[in-house]
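Residue numbers (my numbering): 116 to 417. Glycine included, each C-beta is placed from N, C-alpha and C at the ideal position. Note that the structure is predicted; figures quoted are calculated from it, not measured.
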Ligand SMILES: [Zn+2]
């Protein structure tokens with residue numbers, strides 16, 4: 116009911132509406148401005164930009180253009196960051212801003228569909244609940260348990276808020292996490308992030324990860340050679356259509372006990388923050404590319 120009232124006021128008073136300020140908050144938006152995940156974004160009209168390239172969407176090999184695109188090049192992902200990461204409860208996700216590395220530049224990516232360099236700005240997560248899965252992109256009809264987003268800004272633009280105004284402003288890497296009973300590998304970077312979660316249960320709480328890591332330690336041995344890529348949007352308000360998505364379909368295994376820490380995180384109102392993913396959006400005939408170098412595998416399979 117309050118949501119309805121909010122929308123009526125919004126339409127009556129368009130002149131007093133100001134877009135959310137972003138600063139370096141790379142996960143965008145603000146849970147204070149009245150939106151939540153109760154309807155997975157179906158009720159974000161007025162707080163969310165609309166258009167023909169919204170995210171997330173369903174991804175599948177069968178509906179993709181299979182192409183030998185360049186692989187993603189990870190610049191400075193193996194360089195140690197120059198200070199410890201701080202995990203922050205934003206009320207709608209947990210988020211970390213990425214500092215410079217010890218050699219003075221931030222980690223960056225190029226390759227795939229990207230033209231030029233995209234500088235890493237932040238990392239945040241989308242998750243489900245004890246009984247549901249919470250990744251945003253559905254891959255081959257499957258929703259994974261958790262989706263990690265590494266948000267990058269086009270180096271042509273000065274900051275995230277500026278980059279959000281351009282169709283080539285932002286590049287996000289989508290990394291799937293899958294709850295696995297007995298994972299056979301340990302991901303030291305992710306482990307540190309998840310170990311800090313009990314310290315950021317409350318809205319606005321902050322926790323510093325011990326020591327310093329490389330951004331690459333969040334990925335471990337993830338297979339980054341195969342990926343989906345397409346032009347889309349932020350998945351939280353203001354839903355800016357500024358994002359080139361690169362989504363890796365091979366998941367990182369994570370023990371149940373680690374994933375369960377996400378379900379303890381609380382939202383702005385002190386309720387459990389669960390299922391913080393946006394509903395699937397219309398594809399509108401957008402091309403989705405699946406990157407592989409070995410096209411012959413696919414011809415042989417058909
Ligand atoms: Zn996200």
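Worksheet item: At which residues does the beta strand (DSSP E) containing residue 343 begin and terminate?
Response: Run containing residue 343: 342-347, per the beta strand (DSSP E) assignment.
Worksheet item: For residue 332, which of helix, strand or coil comes out of DSSP?
Response: Helix at residue 332.
Item to complete: Output the distance between the C-alpha atoms of residue 405 and residue 319, rounded to the nearest integer angstrom.
Response: If I take the Cα positions, the gap works out to 38 Å.
Worksheet item: In terms of residues, what are the limits of the alpha helix (DSSP H) holding residue 305?
Response: Segment 303-311, the alpha helix (DSSP H) holding residue 305.
Discussion item. One question on the structure: do residue 356 and residue 166 come within less than 7 Å of each other, judged by their Cβ atoms?
Written reply: Contact flag set, yes.
Worksheet item: So residue 371 is in the alpha helix (DSSP H); what residue range does that whole segment cover?
Response: Segment 371-377, the alpha helix (DSSP H) holding residue 371.
Worksheet item: Based on Cα-Cα distance, which residue from 224, 238 and 311 lies nearest to residue 232?
Response: Per the C-alpha coordinates, the member of 224, 238 and 311 positioned closest to residue 232 is 224.
Worksheet item: For residue 155, is the beta carbon positioned less than 6 Å from some heavy atom of ligand 1?
Response: No - ligand 1 has no heavy atom lying nearer than 6 Å to the Cβ of residue 155.
Worksheet item: How about residue 390 and residue 188: are their beta carbons less than 7 Å apart?
Response: Result no, Cβ atoms of residue 390 and residue 188 do not sit closer than 7 Å.
Worksheet item: Taking the alpha-carbon positions, what's the residue 183 to residue 229 distance?
Response: Roughly 14 Å separates the two Cα atoms.
Practice prompt. Verify the contact flag: residue 264, CB atom, against every heavy atom of ligand 1, threshold strictly below 6 Å.
Written response: Within 6 Å of the C-beta of residue 264 there is at least one heavy atom belonging to ligand 1.
Discussion item. For the stretch 320-333 against the stretch 348-365, do three or more pairs of beta-carbon atoms, one drawn from each stretch, fall closer than 8 Å, so that the two count as touching?
Written reply: As far as the Cβ criterion goes, the stretch 320-333 does not touch the stretch 348-365, which means the pair count is below three.
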